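Just so we're aligned: 18 in numbering that gives the first Met the number 0 is position 19 of the sequence shown, and the numbers increase by one with no gaps anywhere. Note that the Cβ used here is the ideal one computed from N, Cα and C, for glycine as well. Note that the structure is a prediction, hence the values are computed from the model and not measured. Here the structure is laid out as structure tokens; the discussion comes afterwards.
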Amino acid sequence: MRRTDRFLISRKPFAIDLTTVTIETTHQHDAYWLSGNCQAVWFRRKNGTTYACLGSLNLWAHWLREEPDVSSPEAILSNNLDSRYGGDPHGRWDGERYWGSQKPFEQALHLTLLEPMLANYPAIPEGHDGWWTFHTEGAR
């Protein structure tokens, strides 16, 4: 992953709650394996509609030849991580409709983050760090 100040929705950027970043490192067969996750928010666009999303993001890397830096959340994220399937949404808001939890209390919590997030598109919500992307420079 890499951090960028430039927001491009096509690069699928994530704003991450750094306090939730976890990682487990395994060394086997002369390579390092990483497995972890974090809580994140992101925007998606479908059929001309922009959605504010929140959920979890799996972080992993296999067959790293050099020992990964796991000294801080930012260092963990800066490793050559993969999450090709994107985030696992727990809640989504398009300005009219909410999708996610069926529990009213969780819905209210989600909407306190998602409503202002969508209203302030593409600003990074308070308590999150971003934008982080799995795309590399010049990638499409």
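First through last residue of the alpha helix (DSSP H) which encompasses residue i
{"i": "T111", "result": "P103 to A118"}
{"i": "I75", "result": "P72 to L76"}
Where residue i sits in the DSSP three-state scheme
{"i": "R96", "result": "coil"}
{"i": "P12", "result": "coil"}
{"i": "A122", "result": "coil"}
{"i": "T49", "result": "strand"}
{"i": "T135", "result": "coil"}
{"i": "H26", "result": "strand"}
{"i": "G86", "result": "coil"}
{"i": "L63", "result": "strand"}
Counterpart residues of residue i in DSSP-defined beta bridges
{"i": "N36", "result": "T21 and N57"}
{"i": "D68", "result": "In the DSSP output, where bridge partners are listed per residue, D68 has none listed."}
Span of the beta strand (DSSP E), counted from its first residue to its last, around residue i
{"i": "D4", "result": "Run containing D4: none; DSSP gives neither H nor E here."}
Same chain only: Cβ atoms within 7 Å of residue i, ignoring 5 sequence neighbours per side
{"i": "E114", "result": "W92"}
{"i": "I8", "result": "F42 and R44"}
Closer than 8 Å to chain E by CB, residue i
{"i": "H134", "result": "No chain E is present in this structure, which holds just one protein chain."}
Practice task
Decide yes or no for the touch test of the stretch 93–103 against the stretch 60–77: beta carbon pairs closer than 8 Å, at least 3 of them.
Solution key: no
Practice task
Flag this pair as touching only if the stretch 57–65 and the stretch 101–114 have three or more C-beta atom pairs under 8 Å; answer yes or no.
Solution key: no
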